[in-house]
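Inspection log for the structure reproduced underneath, given as structure tokens.
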Amino acid sequence: MKGKVGKKMGNTRRGRQNINMLLVVLIGFCILAIIEIVYGQAQMKVERQRLELEEQNRQTVEELKQEWRSLRDGSTVVTAESEAAPAASEADQEKEPAKITKQENTAKKEEKKDEKKEEPAPEEDDKNYDMQIVILGDSIMDGDRTESGAADIIGEQLNAKVYNMSMGGTTAALQPNEQYNFATWDSRCLLGVVNGILGNINTDIFDGYAAGDVLDTCDFDKTDYFIIEYGVNDFLTGQIPNSRYLEGGDTLAVDGTHTYTGALEDAVSRLKGRFPDAGILIVAPHYCQVFNGSTFIGDGYSLDYGYGPLITYARGAGYVAGLFEEEGVMFFNAFEESGIDAGTAEQYLADGIHMTPLGARVYAEKIAKIIYNDYAPEE
């Protein structure tokens, strides 16, 4: 009997051991399954983040190319009918529609003055300045309106009263869907600013921008120097040629004011015609680097969106300045002479395009020196 009982007890112990081993195996499988599920979810999260990052990176260059659109929220959409209509000649543009626009503009400005009567008057600036400067440009001059920005530094260096009409995202040239027609003008490009100063267009398009305030407060006849700084956005759009004229003698089938150099030439000609005694300094686009996310895709020497790299736009600005050299138009080749280049980009450029405070100071001091040497050559 004892033998049978012992044998039975031994079988029971082995059975329990087998059950325990089975439980251990099952628990092990469960743990492995849980680990696999958690790991799989982590992998899916990482992959999802990677895809999102790739999508963000893919959009970066497109966003840079379309920077000029950032301030065009209120622009009028061009209809198919207006696109098909021929552009008005310069003579037609300056006839009755422009005069009517001026009258309407004057009335609207009077209404705005009435609306502001109850507002506290701005503090008078009684500082004794040596000169008056008007700046026409893009975000390079508009992005930082503090004392560390290029415009303020220029004023500081020259003891100048600076009226900054720059607007970020704008180009010198008209966009392909914009027409040079004073009566229907809706572009805030360089040509829009110039024609706003001259009273050729309705200036309501500048309401809400610093440029609109300048138009209401600046006596442009007292201007000693106009600074014209454009080009980076013209290049980044990929839609604005540097010039109508191509190497080899071919000519693009576009109006000159839809090109960078053509727009500069038109603007300088109009400013000189109205303010013959004012100096004009054309500032070329500076050296830039473009990134796709964190990946460098090209710089002002290598990147080409179809009309040449950025350096060709800089040299085009120099060409325009040369056309008016006898009229005292000056040129600053910021691309090659500002000190901003591949070696200093990390120090002087915040994002490959816009400047750090140090970059803005180096850039602005070069501009100020050119103007000072012209203003007081005997010194």
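Residue 421 in the working numbering sits at position 329 of the sequence shown; the count goes up by one each step and never skips.
Backbone N, C-alpha and C define an ideal beta-carbon position, used for all residues, glycine too.
Quantities reported herein were computed from a predicted structural model and do not represent experimental measurements.
Worksheet entry | Assigned secondary structure, Lys-253 (DSSP; H/G/I helix, E/B strand, else coil) | strand
Worksheet item: Secondary structure at Phe-416, three-state DSSP: helix, strand or coil?
Response: Looking at Phe-416 - three-state DSSP - the assignment turns out to be coil, as it is neither helix nor strand.
Practice prompt. Measure the C-alpha to C-alpha separation of Leu-266 and Asp-296 and round it to an integer number of angstroms.
Written response: 18 Å
Item to complete: Please state whether DSSP places Met-259 in a helix, a strand or coil.
Response: Note: Met-259 maps to coil in three-state DSSP.
Practice prompt. Compare the beta carbon distance of Thr-351 and Ser-335 with 8 Å and say whether it is the shorter of the two.
Written response: yes
Fill in: Range of the contiguous alpha helix (DSSP H) that encloses Met-223
Not the alpha helix (DSSP H): Met-223 falls in the beta strand (DSSP E), residues 223–229.
Discussion item. Assess contact between the region 353–371 and the region 278–295, defined as three or more Cβ pairs (one per stretch) separated by less than 8 Å. Is contact present?
Written reply: yes
Item to complete: Drop a sphere of 10 angstroms on the beta-carbon of Asp-358, count the other beta-carbons inside from all chains shown, and report buried for 16 or more, exposed for fewer.
Response: buried
Worksheet entry | Inter-residue spacing [alpha-carbon to alpha-carbon] between Ala-442 and Ile-432 | 12 Å
Fill in: Contact between the region 252–261 and the region 223–242 (3+ Cβ pairs under 8 Å)
yes
Worksheet item: Would you report the Cα separation of Ala-303 and Asp-369, rounded to the nearest angstrom?
Response: 23 Å
Practice prompt. Look at the Cβ atom of Ala-264, then the Cβ atom of Ala-413, and state whether they are nearer than 8 Å.
Written response: With contacts defined as CB atoms closer than 8 Å, Ala-264 and Ala-413 fail to qualify as a contacting pair.
Worksheet entry | Top-ranked residue by Cα proximity to Glu-429, from Gly-444, Lys-461 and Thr-448 | Lys-461
Worksheet item: Which residues in the same chain have their Cβ closer than 7 Å to the Cβ of Glu-182, if we skip the five residues on either side of it in sequence?
Response: Low confidence applies to Glu-182: its pLDDT is 36, below 50, so where it sits in the model is not reliable, and the reading given next is rough at best. Taken in chain order, the list of residues that qualify is empty.
Worksheet item: What are the uninterrupted segments assigned as beta strand (DSSP E) that are 3 or more residues long and contained completely in the region 290–335, given in chain order?
Response: If you keep only unbroken beta strand (DSSP E) runs of at least 3 residues inside the region 290–335, you get 317–321.
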